[in-house]
Amino acid sequence: MITKLISLYVRLRFGKLHWGVRYYYRDTYYCQFVQLKYILRDYVFRKKYKEISFDGEFAPELEFVLPFAYWHYKNGTLKSTRGAKYTKEMYFFSPDHEEVYDVRTNEGNYNYEMPRILYSHNYNMKKWAMVPLKETYRNDIYRFDKPILIIANRYNMEWNGPPVSFYSIELLDFMISRLKNKFTIIYNRPRPQNITMDTSDIYDLDEFDWLEKTHPEVILMEDLYKENKSNARNFNHLQLMVYANADHFISIHGGTAALASYFKGINLILSKKGPEHHFGCFQKLFPKLSGAKILHAKTDDEVKQYIETYYVKGENLQ
Numbered sequence: 556m557i558t559k560l561i562s563l564y565v566r567l568r569f570g571k572l573h574w575g576v577r578y579y580y581r582d583t584y585y586c587q588f589v590q591l592k593y594i595l596r597d598y599v600f601r602k603k604y605k606e607i608s609f610d611g612e613f614a615p616e617l618e619f620v621l622p623f624a625y626w627h628y629k630n631g632t633l634k635s636t637r638g639a640k641y642t643k644e645m646y647f648f649s650p651d652h653e654e655v656y657d658v659r660t661n662e663g664n665y666n667y668e669m670p671r672i673l674y675s676h677n678y679n680m681k682k683w684a685m686v687p688l689k690e691t692y693r694n695d696i697y698r699f700d701k702p703i704l705i706i707a708n709r710y711n712m713e714w715n716g717p718p719v720s721f722y723s724i725e726l727l728d729f730m731i732s733r734l735k736n737k738f739t740i741i742y743n744r745p746r747p748q749n750i751t752m753d754t755s756d757i758y759d760l761d762e763f764d765w766l767e768k769t770h771p772e773v774i775l776m777e778d779l780y781k782e783n784k785s786n787a788r789n790f791n792h793l794q795l796m797v798y799a800n801a802d803h804f805i806s807i808h809g810g811t812a813a814l815a816s817y818f819k820g821i822n823l824i825l826s827k828k829g830p831e832h833h834f835g836c837f838q839k840l841f842p843k844l845s846g847a848k849i850l851h852a853k854t855d856d857e858v859k860q861y862i863e864t865y866y867v868k869g870e871n872l873q
């Protein structure tokens, strides 16, 4: 009954919007409604009761679930968390974290016990707190003579089709050539064996051999993992430690960009299309993750312009 009433309200108020984005408005209102039943437990009794479990995709986990769990930790109400493989270090604050999911699922995204579902027109979330990953994982191991620049790429199936947003070899060559004298560049595109897979296939961009031959000065994240000076427990743990020592990021929309937005500094995100554009995720949500300055490029040419202005020349964002 409640869902029907919410759907009717959304149709009446936002009926002119395309259905492909309109149902996220409904999901937002329903998530807010679900939280009403916890008012007394969260704000009056405040005993440890909250058991948070999530097996959805990496991006919504970083954007909504992890900050939700951290809010409950700070509130004194977090009892336990359950997530996918390689997530224990993300939930460093959890009194009891279990890694129980071998695969991330699309169905797992629609967990209405969380503050939001995938996208929202309202990112003013009350039970949401910035998670101090940078402060927690900053270290003296991954330090270099020049400041670290992380290039976090991906080359995945998107919307059941070919890759859309990714840094091609041509674009990688441009940014590395322009930035290698100023930064220690660390390139990161995780292989399937190093992460918990979801429903998106990962393709081969054939850039690793090219990088070795053309830009041998670029450090590969996977090589740091093979070396593993920090005794990281898994690849995700290593990412947290390396990212924590960086203030400059260039990433791709999705979980890749969300993770890179957790470590302050500046993050240039390439996103050519997606619901993120309609909902203003890169302007409203991603800066909240750590206070990072977010640049959103919609084309390869915009990527080049942002690199010249904010990475080469180092102009400040207003």
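Position 38, counted from 1, in the sequence shown is what this note's numbering calls 593; the numbers after and before it change by one each time, with no gaps.
Built from N, CA and C at the ideal position, the CB exists for glycine as well.
Query	Result
DSSP-derived helix/strand/coil call for His676	coil
Buried versus exposed call for Glu690 [16 or more other C-beta atoms within 10 Å across all chains shown]	exposed
Cβ contact check for the region 611 to 622 and the region 594 to 601: 3 or more pairs under 8 angstroms	no
Three-state class that DSSP yields for Ala707 in the structure shown	strand
Exposed unless 16 or more other CB atoms sit within 10 angstroms - verdict on Trp714	exposed
For Arg637, three-class secondary structure by DSSP	strand
Span of the alpha helix (DSSP H), counted from its first residue to its last, around His808	Run containing His808: none; DSSP gives neither H nor E here.
Check whether Tyr710 and Leu760 have beta carbons under 9 angstroms apart	yes
Distance between Met730 and His770 (C-alpha atoms, nearest Å)	11 angstroms
The region 619 to 631 in contact with the region 673 to 685 per 3-pair CB rule at 8 angstroms	yes
Proximity to His652 [Cα-Cα], best of Lys868, Asn677, Ser608	Ser608
In DSSP terms, what Leu591 is bridged to	Per DSSP, none; premise fails for Leu591.
Counterpart residues of Thr739 in DSSP-defined beta bridges	Ile703
Where Asn800 falls, given that 16 or more other Cβ within 10 Å makes a residue buried	buried
With 16 other Cβ atoms within 10 Å as the buried cut-off, status of Met645	buried
CA-to-CA distance, Asp610 to Phe588, given in whole angstroms	22 angstroms
Simplified DSSP assignment, three categories, for Ile511	Residue 511 lies beyond the range of the chain shown here (556 to 873); nothing can be said about it.
Between the CA atoms of Val773 and Leu766 - distance to the nearest angstrom	7 angstroms
Status (buried if at least 16 other CB within 10 Å, exposed otherwise) for Arg746	exposed
Close Cβ partners of Leu779 (< 7 angstroms) along its chain, the five nearest in sequence each way excluded	Leu793, Val797
Inter-residue Cα distance where the pair is Tyr697 and Ser723	27 angstroms
Segments assigned beta strand (DSSP E), at least 3 residues, entirely inside the region 760 to 793	none
Bridge-paired residues (DSSP) for Leu825	Ile807, Ala852
Own chain partners of Arg733 with C-beta closer than 8 angstroms, once the 5 adjacent residues on each side are dropped	Ile862, Glu863, Tyr866, Val867
Nearest to Asn530 (by Cα), restricted to the options Tyr656, Gly716, Ile750, Ile594	Residue 530 is absent from the structure shown; the chain starts at 556 and stops at 873.
Classification of Phe837 by the beta-carbon crowding that lies within 10 angstroms, buried from 16 upward	buried
Spatial distance of Ser845 from Lys819 (CA atoms)	5 angstroms
Residue from Gln860, His833, Ser785 whose Cα sits closest to the Cα of Arg693	Ser785
Coil, strand or helix - Tyr578 by DSSP	helix
Inter-residue spacing [alpha-carbon to alpha-carbon] between Ile807 and Glu831	12 angstroms
Option in Thr739, Arg671, Glu668 with minimal Cα separation from Phe699	Thr739
Proximal residues to Lys859 (C-beta, below 7 angstroms), its chain only, five neighbours per side dropped	Phe729
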